[in-house]
Amino acid sequence: MQKGKTVKKNLQIALVSFAVIFIVIAAFPAGQRAYVEYREHFTFRNLKSFPKDNGIPRLYINTDTGKMVLSKEYWADASYKLCNGETVVSSGKTKIKGRGNTTWERPKKSYSLKLEKAVSLLGMGSDKRWVLLNPYNDKSLLRNDFALSLGTIYDNLAYTPQFRQIEVVMNGKFLGVYQLTEKIKLSPERLSLPAGGYIVEKDRKRNPDSFLTEKDELAFVVSDADDAFYNKDYSPIRRQVQELEDAIYTEDFSVWSEQLDAASVADWYIINEVTKNHDAKMQMSVYLFYNPADRKFHFGPIWDFDIASGNINYDGCEKTDGFWIADASWISKMMKSQEFRTIIKNRWNETKMILLEQINTYIPARAEYLNQAQEWNFKAWKLLDVKTWPQPFLPGSYEGEVKYLIDWQNERWKWMDSALQEL
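Start counting at 1 in the sequence shown, then tack on 1170, and there's your number in my numbering.
Put into structure tokens, the structure is as follows:
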């Protein structure tokens, strides 16, 4: 009899616990629910041994404490060694911390680096500040790579961050493939602007450092500014951004093009529309800079394409047809002027065949370049047979992931070519 009561009591406790867990998970924001899901599929394997060279450069990071970096707020002291094959190309002291919004919730983290001294890494511009981007959401490992490569075609963008595909080993743990990327900042070897120049980034409203525009309530943060000119007083920047929005709202090309470089917007638009980049609909990771030399804003640099190019299962962004960026705040206002639509159409026709070649030659070549590295990346992260947010479907192999990316981009290119001729 006592045994029956015990079983019944344990069953009641289990049911209550399950209900509590269900309620807590349901109450989480979407990003937190996704994190709970990932913890269920925490597929990192601490490989005891791995090849010394997988055909791409490798960055070794050792924190002074020997602990993994789990904070976005505090810099950890560390040392680094960057190798290209058997050759050490750079080494020294660095500080490291986590970075990112949604990407920070993933088991594989992205990081910011602040080197002790400015150096050129793997032929990129010399600076102290670098970013390690984690392609956890993108199993092709190539979406950021492909999109950033388009900066060589769409050169009305004054600056596109350089990047290199590398592997990362932290405190002896093999973390697989990352992108070592230039941090977007004012710098002689990155985005070089005269005195009074600055960069703003579209961010989330809950960021306490952001300011809102009056009409569309877009939240911007000052990403980097000439401190000698502004002395941390960003009220002139807020005023200029508002004047830009006011000009865009006239829907008059002759008015807003006096404040905004239309050629840069067209190039930025084509890259983000052809990849159907979800965040670029004036949501996140949209950058503009102000150049005092021509007294205009410019769109760019481009950034963050891990849930672009069909790697998403909501808002219709998995489909290869339909406009996305064209309906964004500000962009939709600009699109009402025939002059701007003509600029986009002409720029597309001027570059479309180069773009098509880039899809069908660059992506396969980069996949081949990563052949050995991707194999070991997915030995460390057992993801190829796990459908993770926000995948629309699961190819189940690296080759399938790359094929899906190429096929999707080809179909998107065809739709864009037809649609833009009607502008």
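Every residue gets a Cβ at the ideal spot worked out from N, C-alpha and C, and that includes glycine.
Would you report the Cα separation of Ala1535 and Pro1378, rounded to the nearest angstrom? The alpha-carbon of Ala1535 is positioned some 43 Å away from that of Pro1378.
Tell me the start and end of each unbroken alpha helix (DSSP H) in the segment 1412-1484 that is at least 4 residues and wholly inside, in chain order. Segments of the alpha helix (DSSP H) lying fully in the segment 1412-1484: 1423-1426 and 1432-1444.
Presumed contact (8 Å Cβ cut-off) between Leu1593 and Ile1472, rounded CB distance: At roughly 21 Å, the Cβ-Cβ gap does not stay under 8 Å, so Leu1593 and Ile1472 are not in contact.
Restricting to Cα atoms, I'd like to know which of Ile1477, Thr1420 and Asn1547 is closest to Ile1501. For the options Ile1477, Thr1420 and Asn1547, the alpha carbon positioned closest to that of Ile1501 is the one of Thr1420.
Would DSSP call Ala1328 helix, strand or coil? Coil.
When burial is assigned at 16 or more other CB atoms within 10 Å of the CB, is Lys1372 buried or exposed? Counting every other CB atom within 10 Å of its CB across the protein chains shown gives Lys1372 a total of 16 or more, marking it as buried.
Measuring CB atoms only, is the segment 1476-1490 touching the segment 1354-1362, in the sense that at least three cross pairs come out at less than 8 Å? The segment 1476-1490 is not in contact with the segment 1354-1362.
Going by the beta-carbon positions, is the gap between Ala1589 and His1468 smaller than 7 Å? Going by beta carbons, Ala1589 and His1468 fall outside the 7 Å limit.
Looking only at its chain, what residues have a beta carbon closer than 8 Å to the beta carbon of Tyr1539, apart from the 5 residues adjacent to it on each side? Scanning its chain for C-beta atoms nearer than 8 Å, with the 5 sequence neighbours on each side dropped, one finds around Tyr1539 the residues Gly1225, Ile1226 and Gln1335, in chain order.
Can you name the start and end residues of the alpha helix (DSSP H) that Gly1570 belongs to? That run of the alpha helix (DSSP H) goes Tyr1568 to Leu1590.
State the Cα-Cα distance for the pair Lys1309 and Leu1285, rounded to the nearest angstrom. Rounded to whole angstroms, Lys1309 to Leu1285 spans 29 Å at the Cα level.
With Glu1509 as the anchor, note down where its alpha helix (DSSP H) starts and where it stops. Per DSSP, Glu1509 belongs to the alpha helix (DSSP H) from Gln1508 to Glu1527.
Does the structure place the segment 1259-1270 close enough to the segment 1234-1250 that three or more beta carbon pairs sit under 8 Å? Yes: at least three Cβ pairs fall under 8 Å.
Buried or exposed: Lys1446, going by 16 or more other Cβ atoms within 10 Å of its Cβ? Lys1446 sits buried, since 16 or more C-beta atoms from the chains shown fall within 10 Å of its C-beta.
Would you mind reading off the limits of the beta strand (DSSP E) that contains Ile1231? Where Ile1231 is concerned, the enclosing beta strand (DSSP E) starts and stops at Arg1228 to Thr1233.
Output the boundary residues of the beta strand (DSSP E) element that contains Met1504. Note, Met1504: premise wrong, no beta strand (DSSP E); alpha helix (DSSP H) at Ile1501 to Met1504.
So which of Gln1579, Thr1272 and Trp1585 has the shortest CA-CA distance to Phe1316? Of the listed residues, the one whose Cα sits closest to Phe1316 is Gln1579.
Taking the beta strand (DSSP E) that Ser1247 belongs to, which residues open and close that run? A small correction: the amino acid at residue 1247 is Asp; Ser does not occupy that position in the sequence shown. Counting along the chain, the beta strand (DSSP E) containing Asp1247 begins and ends at Ala1246 to Asn1254.
Could you check what DSSP says for Gly1367 in three-state terms: helix, strand or coil? Reduced to three states, the DSSP call for Gly1367 is coil.
Taking 6 Å as the limit between beta carbons, can you name the residues of its chain near Gly1270, skipping five residues before and five after? Correct list, in chain order: Ser1280.
Please confirm whether Phe1214 and Pro1277 have their CB atoms less than 7 Å apart. Taking 7 Å as the cut-off, the beta carbon of Phe1214 is found closer than this to the beta carbon of Pro1277.
For the structure I just gave you, are there three or more beta carbon pairs, one from the segment 1389-1409 and one from the segment 1421-1441, closer than 8 Å? No, the segment 1389-1409 does not touch the segment 1421-1441.
Is Thr1273 buried or exposed, if buried means 16 or more other CB atoms sit within 10 Å of its CB? That one is buried.
The beta strand (DSSP E) that contains Phe1390, what's its start and end? Ala1389 to Ala1395 is the extent of the beta strand (DSSP E) around Phe1390.
If you draw a straight line from the alpha carbon of Ile1441 to that of Cys1253, how long is it in whole angstroms? Rounded to whole angstroms, Ile1441 and Cys1253 show a C-alpha spacing of 32 Å.
Host alpha helix (DSSP H) of Ile1336 (start-end): Where Ile1336 is concerned, there is no enclosing alpha helix (DSSP H), although the beta strand (DSSP E) it sits in stretches over Phe1333 to Met1340.
Inter-residue Cα distance where the pair is Gly1492 and Tyr1568: Distance between the alpha carbons of Gly1492 and Tyr1568: 28 Å.
Simplified DSSP state of Leu1564, which is helix, strand or coil: The answer is coil: DSSP assigns Leu1564 none of H, G, I, E or B.
Short of 6 Å in beta carbon distance, which residues of its chain neighbour Met1586, apart from the five on each side in sequence? Order them along the chain. Excluding residues within five positions, the ones whose Cβ falls inside 6 Å are Val1444.
Residue span of the beta strand (DSSP E) that contains Leu1283, given as start and end: In the DSSP assignment, Leu1283 falls within the beta strand (DSSP E) that extends over Ser1280 to Val1289.
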